[in-house]
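Undergrad:
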Amino acid sequence: MYLQIFYILVNQYVESPPFGRWLREILSGWCECLRGKRVSLREACESISDGDFLAIGGLTIHRKPMSMLHELIRLGRRSLRLLVFGGGPDVDLLIASGMVESLDAAYVGFEILGFAPNFRSAVERGEIRFTEHTEYSIMAGLQANLLNAEFIPSRLLLGTDVLKGLGYKTFRSPLTGEVLVAYPRITADVALLHVQRCDEYGNARVDGVLAVDLLLAKSSRRVIVTAEKIVSAGDFAGSPAEINLPSTFVDMVVESPLGAHPTSCYPYYTYDLWHMISYLEYCRRGMVDDYLRKYVTGVESFESYLDLVGEDSLSRIMVEGG
């Protein structure tokens, strides 16, 4: 709290060179929240290794860090372990690319468009190790990590097949004697999040449905954020309450306009229903490799992918006034 107040006070002056630059240079040596964290998309993704446990933010077809995932596919990462609250095109695309070893999720699908085809076939064929969660079991595991506890006790899921699948242990409460479930802590190596606004020091504003993004950020070993807009350091100074993801939890920041496409990022744009239908048609015809070659591995960057999608297609998903 005190560091955040200090950051806000300092940023009243950082926009007035040369004093602001001098002050930041002096203070950043001992105050982590004043160090610049902006990097390129390639640099951020190169920090992720084969076999890492990745927590992907957003929810189903909303605010997914798609530009980062495209770059990871181009880098050819393998044996990734994934944690998602609600997965969609993000998970399905990674599975189609042969990058996923295991998946922990409460849901994977395209909402009104139905199941995620590559996820479904990979699970049915035993090509990935899938652990079915409830939303609560993920939240409890993240909360346990945040509290530095080995587990969170709860009576939820007792008597259900979901608990059998999770394999979580039960025990008797030392206070009441009732049977409880021990929800173990969940710790991801890297959390990948897409947000609306962030400054170069990692202070971010996440709007709309938060899902468990803030919990993911606070309970993962590292956090990489892509943002629709990198705002100036002073933008949050007059209204510090706007910051709901402080810089102390963020390790790298990347500016990535339309970086959630084809998922939504309100208030800037809605999800691209037409592009997702096209993707699902590629999958239905057994041509997902063609989709990957055309839109992901066959282009140099996410910007090139957006050029392929086309200005007309992108303009129809933009929210007026966003």
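Each step along the sequence shown adds one to the number in this note's numbering, with nothing skipped, and position 185 is 221. From the three backbone atoms N, C-alpha and C, an ideal C-beta is built for every residue, glycine too. All of these numbers come straight from a predicted model, not from anything done at the bench.
Counting along the chain, where does the beta strand (DSSP E) carrying residue 99 start and finish?
TA: The residue labelled residue 99 in the question sits at position 63 within the sequence shown. No beta strand (DSSP E) contains residue 99, which DSSP labels as neither H nor E.
Undergrad: Here's a check: name, in chain order, each residue in its chain whose Cβ is nearer than 8 Å to the Cβ of residue 404, leaving out the five neighbours to either side.
TA: Beyond the ends of the chain as shown, which are 37 and 358, falls residue 404; an answer cannot be given.
Undergrad: For the alpha helix (DSSP H) holding residue 311, just list the boundary residues, first then last.
TA: Start at 1 with the first residue of the sequence shown, and residue 311 comes out as number 275. Looking at the DSSP string, the run of the alpha helix (DSSP H) that includes residue 311 is 309-320.
Undergrad: Name the residue from 121, 83 and 122 whose alpha carbon lies nearest to the alpha carbon of residue 108.
TA: Here residue 108 corresponds to residue number 72 of the sequence shown, with the count starting at 1. From the listed residues 121, 83 and 122, the smallest Cα separation to residue 108 is found for 83.
Undergrad: Return the chain-ordered ranges of every alpha helix (DSSP H) run that is complete within the stretch 169-223 and spans a minimum of 4 residues.
TA: The qualifying runs are 171-182 and 197-202.
Undergrad: Are residue 193 and residue 92 close, meaning C-beta to C-beta below 7 Å?
TA: What you label residue 193 is simply residue 157 of the sequence shown in a count that begins at 1. What you label residue 92 is simply residue 56 of the sequence shown in a count that begins at 1. Contact flag unset, no.
Undergrad: Of the residues 230, 142 and 273, which one's Cα is nearest the Cα of residue 253?
TA: Here the question's residue 253 lines up with position 217 in the sequence shown. Checked all of 230, 142 and 273; the closest Cα to residue 253 is 230.
Undergrad: What does the Cβ neighbour count give for residue 210, buried or exposed, with the cut at 16 atoms within 10 Å?
TA: Counted from its first residue, the sequence shown places residue 210 at position 174. By the neighbour-count rule (16 or more Cβ atoms within 10 Å), residue 210 is not buried but exposed.
Undergrad: In the stretch 229-296, which residue ranges form an unbroken beta strand (DSSP E) of at least 3 residues, counting only runs that do not cross its ends?
TA: 258-267 and 288-291
Undergrad: Out of 353, 338 and 256, which has the shortest C-alpha to C-alpha gap to residue 76?
TA: Along the sequence shown, read from residue 1 onward, the residue named residue 76 stands at position 40. With distances taken between Cα atoms, residue 76 lies closest to 338.
Undergrad: Taking only three categories from DSSP, how would you classify residue 152?
TA: What you label residue 152 is simply residue 116 of the sequence shown in a count that begins at 1. Residue 152 falls in the coil class under three-state DSSP.
Undergrad: Where does the unbroken alpha helix (DSSP H) through residue 132 begin, and where does it stop?
TA: Within the sequence shown, residue 132 is the residue found at index 96, counting from 1. Element bounds for residue 132: 125-132.
Undergrad: Taking C-alpha atoms, which residue in 350, 234, 298 and 145 lies nearest to residue 283?
TA: Taking the first residue of the sequence shown as position 1, residue 283 is located at position 247. Nearest of 350, 234, 298 and 145 to residue 283, Cα basis: 234.
Undergrad: Indicate the three-state DSSP secondary structure (helix, strand or coil) for residue 226 in the structure shown.
TA: Locating residue 226 in the sequence shown gives position 190, where the first residue counts as 1. Note: residue 226 maps to strand in three-state DSSP.
Undergrad: What does the Cβ neighbour count give for residue 354, buried or exposed, with the cut at 16 atoms within 10 Å?
TA: Taking the sequence shown and counting its residues from 1, one reaches residue 354 at position 318. Exposed.
Undergrad: What residue does the beta strand (DSSP E) around residue 161 start on, and which one ends it?
TA: By one-based count along the sequence shown, residue 161 stands at place 125. Where residue 161 is concerned, there is no enclosing beta strand (DSSP E), given that its DSSP letter is neither H nor E.
Undergrad: Check whether the Cβ atoms of residue 217 and residue 206 sit closer than 7 Å, and answer yes or no.
TA: The residue you call residue 217 lines up with position 181 of the sequence shown. The residue you call residue 206 lines up with position 170 of the sequence shown. Yes. Within cutoff.
Undergrad: Give the straight-line distance between the Cα atoms of residue 134 and residue 114, rounded to the nearest whole angstrom.
TA: Residue 134 sits at position 98 when you count from the first residue of the sequence shown. Residue 114 sits at position 78 when you count from the first residue of the sequence shown. Each residue's Cα considered, the two are about 7 Å apart.
Undergrad: Within 10 angstroms of the Cβ of residue 373, are there 16 or more other Cβ atoms? Answer buried if so, exposed if not.
TA: For the chain, the structure presents residues 37 to 358; residue 373 sits outside this window and is missing.
Undergrad: Leaving out five residues on either side along the sequence, give the residues of the same chain with a beta carbon under 8 Å from the beta carbon of residue 293.
TA: Against the sequence shown, residue 293 aligns to sequence position 257. Hits under 8 Å: 264 and 265.
Undergrad: Output the distance between the C-alpha atoms of residue 184 and residue 255, rounded to the nearest integer angstrom.
TA: If you number the sequence shown from 1, residue 184 lands on position 148. If you number the sequence shown from 1, residue 255 lands on position 219. Residue 184 and residue 255: Cα-Cα distance of roughly 9 Å.
Undergrad: Can you give me the C-alpha to C-alpha distance between residue 140 and residue 101, rounded to a whole angstrom?
TA: Taking the first residue of the sequence shown as 1, we reach residue 140 at position 104. Taking the first residue of the sequence shown as 1, we reach residue 101 at position 65. Answer to the nearest angstrom: the Cα atoms are 18 Å apart.
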